[in-house]
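Some notes on the structure that comes next.
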Amino acid sequence: MKVPRFPVYIDQFYSEDNPDAVYLLSHFHTDHMKGLSHSWCAGLIICEAVTRALLIQKYGGCMEKCSVSLPLFQRTPFLRMVTTISSKVAPDSVEEREVVLDTVKDNGSDENCGSNFGEDEMVMLYLLPAFHIPGSVMFFLETPFGNVLYTGDFKYDEYARRRLDPFFADHAVDHVYVDDTWLHLGIPEVSPSVRDNEGTRVLSKMLSETELEEAIEAVGRRMDWRVREFSLEKNSTNPPCGPYVVRVYLHNQFGKEHIVQRLATRLGVPVVVDDSRYERIRLLASFNETTAEVHEKFCLVADRFVTYANCKSFPRIEVVSSLKEIAPEELRAAAERSGGTPHYGIVMSGWALLRRRGGGDDEALVWEIPTTLHSTPQQIIDFVALLRPMSVTPLHYKPCRGAMVLQRLGPFLRRPYVNQFLSVADSLKDESGEWRRCIQPSGSNKQEVVVYPPKRSGFCIGPSFNSELSPHPHNAFTPGVEREGRKRPREAFSSSIQTVRHDDSFCSATPSLTQLAEFFDL
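Residues 133 to 654, numbered by the numbering used here, are exactly what the sequence shown covers, in order.
Structure, rendered in structure tokens:
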């Protein structure tokens, strides 16, 4: 996506003839890396250190030259606004805009860039842990037009709450691009009219950390029983080669290896993976010290994993890349090929149901464990309730989900829910000046002039900016106005669902959901 008013692209890497654009990568999942290749050189990529190492491993030297990593929770000068008078026009005419580059020193403090610029001429960037996978981050931008948060894929569980809440207690968020992967799912605990101003609480099929541990223990007890059975079968005429093989389908390219590692630790067996996953795990294990600063659960023990070529023993866990490999008929066939060793399948995915399947044969079972790296519906609601933004843009929005999004997130928007910075009104004028990048790879001396035209944003909860629709238009953020937005206001917020439902200015956004979603390719 393109951040409105700025030469900044997040999780989108298609070149748009802006050689000095800045690209932000939230994490190393392919659906957030579209456009990247071994020859990519469209601009500068900013990400977390683990993600940068994964990029270099996958794409080689080109990523080492055009990517930089920043520490978490550090306020870094990101863009600065500069205007120069064009030599082609009179001095009192319209200003021509240019974009040049500055360099941020290694320590990345505020003093290294933009010391001669005011707050209304700078954009500051924070990288915040997203708790999705190793290296995943959220991007928080302090701009002259309001503070913007891009969550990317994120997990707002109790641990994340303890780490993030202190930051957002001191940093107001005006607009949030939120990961709404599971927002439309789940069952309301009670009707909104009963919950009144507390909003709708949503029950989810996703397992909590405690429930996930119980599921792992249940699998462990089942495999312990198989080991005991195998000890008796060894004396039979035609014994199997081993007690069991557990095949695990993760759905994700990577990110859930730490869950498989927990299962392997419980069973006391190795985890067999393909060569590419093994190399990635070894790289991630080398960053354990960095990863532990975010969450120790993501740390990997490389010795627990092994490639197929180096493991022929039973029992073991196999990580597979296709659901076909854990189909009951395939498990039976694999058991026959391995001398009668029983094969079991486990699906670890948010799409899974907590159930057992596999027909009548007890030795060909598949367990589904509904666990996700994303936030559950209630966690998304709780996160937006914490932020109290002016407006929200769901990253995976579909028009058919409009009413659900409004119902679940609408009660927690800050009043008035107006955001001129992210307005999609045709009358929006670009008064922002041009923005110079403050971060670049070391050794680059480019000084090209590039003009970035204004670009409208996509669907967001809250009306398109219109003075006739806004109940409090004077409270919208505008360029040049001094903001208190660096510190979060301490007053309590209260919002009633009944009030939201009957607020015409709020509901006026509803008819344009389809149009805006199509415009932004959501």
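Virtual Cβ for every residue (Gly too), placed ideally from N, Cα, C.
| Check | Outcome |
| --- | --- |
| Decide yes or no for the touch test of the region 531-547 against the region 359-370: beta carbon pairs closer than 8 Å, at least 3 of them. | no |
| Using the C-alpha atoms, what's the distance from G400 back to S201? | 37 Å |
| CA-CA distance, V438 and R412? | 12 Å |
| On the criterion of 16 or more Cβ atoms from any shown chain inside 10 Å, does N279 qualify as buried, or is it exposed? | buried |
| Looking only at DSSP bridge pairs, what is P209 linked to? | M256 |
| Classify L645: buried if its beta carbon has 16 or more other beta carbons within 10 angstroms, exposed otherwise. | Since pLDDT at L645 reaches only 35, below the 50 mark, its modelled position is unreliable, and no value is offered. |
| Using only the alpha-carbon positions, how far apart do E290 and V451 sit? | 28 Å |
| Buried or exposed, going by whether 16 or more other CB atoms sit within 10 Å of the CB of G471? | exposed |
| Give the straight-line distance between the Cα atoms of G192 and I391, rounded to the nearest whole angstrom. | 29 Å |
| Below 8 Å, how does it come out for the region 439-447 and the region 400-409: are there three or more Cβ pairs, yes or no? | yes |
| Express the C-alpha separation of R294 and H383 in angstroms, rounding to a whole number. | 28 Å |
| May I ask you to report which of helix, strand or coil DSSP gives Y141? | strand |
| Report the CB separation of T503 from L344 in whole angstroms; it is logged as a contact under 8 Å. | 5 Å |
| Which of the three DSSP states, helix, strand or coil, is assigned to H528? | coil |
| How about L103 and S336: do their beta carbons lie closer than 8 Å? | The first residue shown for the chain is 133 and the last is 654, placing residue 103 beyond what the model contains. |
| Roughly how many whole angstroms lie between the Cα atoms of G482 and E253? | 43 Å |
| Taking DSSP as the reference, what is the three-state secondary structure of R540? | helix |
| I'd like to know whether the C-beta of V451 is nearer than 8 Å to at least one C-beta of chain B. | Checking the listed chains, one finds no chain B in this structure; it contains a single protein chain. |
| Apart from the five residues just before and just after G175, which ones in its own chain have a Cβ nearer than 6 Å to its Cβ? | A153 and Y155 |
| Can you tell me which of the three DSSP states D234 falls into? | With a pLDDT of only 40 at D234, under 50, the local geometry of the prediction cannot be trusted, and no value is derived from it. |
| By the three-class DSSP mapping on this structure, what secondary structure does C179 have? | strand |
| Rounded to whole angstroms, how far is the Cβ of S507 from the Cβ of F515, which I believe are closer than 8 Å? | 7 Å |
| In whole angstroms, what separates the C-alpha of N370 from that of L395? | 30 Å |
| Measuring straight from C-alpha to C-alpha, what distance separates C398 and E349? | The sequence as given places Arg at residue 398; Cys does not occur at that position. The alpha-carbon atoms of R398 and E349 are separated by roughly 7 Å. |
| Expressed to the nearest angstrom, what Euclidean distance is found between the alpha-carbon atoms of S453 and A304? | 42 Å |
| Sorted by chain position, which residues of the same chain lie with C-beta nearer than 6 Å to P266's C-beta, five sequence neighbours on each side aside? | V182, L416, T423 and F430 |
| DSSP state of V433, grouped into three classes? | coil |
| Over the uninterrupted alpha helix (DSSP H) stretch that includes Y410, give me the two end residues. | D407 to S418 |
| So which of L527, F138, M133 and M165 has the shortest CA-CA distance to Q385? | M165 |
| Return yes when the C-beta of P298 is under 7 Å from any heavy atom of the ligand GTP, and no when it is not. | Looking for the ligand GTP in the displayed structure turns up nothing, as the structure carries no ligands at all. |
| Using a 10 Å radius around the Cβ and a threshold of 16 neighbouring Cβ atoms, would you call R414 buried or exposed? | exposed |
| Could you give the distance in angstroms between the alpha-carbon of F145 and the alpha-carbon of P320? | 38 Å |
| Taking T313 and H159 to be in contact with their CB atoms under 8 Å, please state how far apart those CB atoms are, rounded to whole angstroms. | 13 Å between Cβ atoms; not a contact. |
| How would you write the range of the beta strand (DSSP E) that E450 sits in, first residue to last? | R448 to V452 |
| Which class does Y288 belong to by DSSP, given the choice of helix, strand or coil? | coil |
| Check whether the Cβ atoms of F210 and L260 sit closer than 8 Å, and answer yes or no. | no |
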